[in-house]
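Quick notes on the structure that follows.
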């Protein structure tokens, strides 16, 4: 399963869509069309796409009550959208974007269980909208 977060202008909230292993977008029949529209808007204007992929690998954390819980490791990729183009961010750029508060520029603590990666650039045909 993948989770896509579409980030647009500062005054809008993030849009989050899950995509199943079979390519089903979201839980409502309109979600695929909505995702396509948001990506078109982001590419024509400005925005970002964060891809979160859950892995079968897990790590454990101890809660304050002593209970140990397992969580999946997550692979994170980032793509800049804008000026009628898209740019895949490097591993370092992805980590920087994900660990910086967009409003203040303050560095944030790296999330546990996250592995930042650079996504191999898809062919333009794959992103044709």
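Residue numbers (the working numbering): 1 to 129. By construction, the Cβ of each residue, glycine as well, lies at the ideal position given by its N, Cα and C atoms.
Length of the line joining the Cα atoms of residue 43 and residue 80: 8 angstroms
Nearest candidate by alpha-carbon position, reference residue 57, set 106, 68, 35 and 74: 74
How many Å lie between residue 8 and residue 66 at the Cα? 40 angstroms
Beta-carbon separation (whole angstroms), residue 99 vs residue 110, contact threshold 8 angstroms: 6 angstroms
Residue 88 and residue 119: beta carbons closer than 7 angstroms? yes
Which whole-angstrom value describes the C-beta separation of residue 26 and residue 17, a residue pair presumed to lie in contact below a C-beta threshold of 8 angstroms? 5 angstroms
Kindly provide the ranges of any beta strand (DSSP E) runs that are 3 or more residues long and lie completely inside the region 39–79, ordered along the chain. 46–62
Residue 94: buried (16+ other C-beta within 10 angstroms of its C-beta) or exposed? buried
Tell me whether residue 93 sits in a helix, a strand or coil according to DSSP, three-state version. helix
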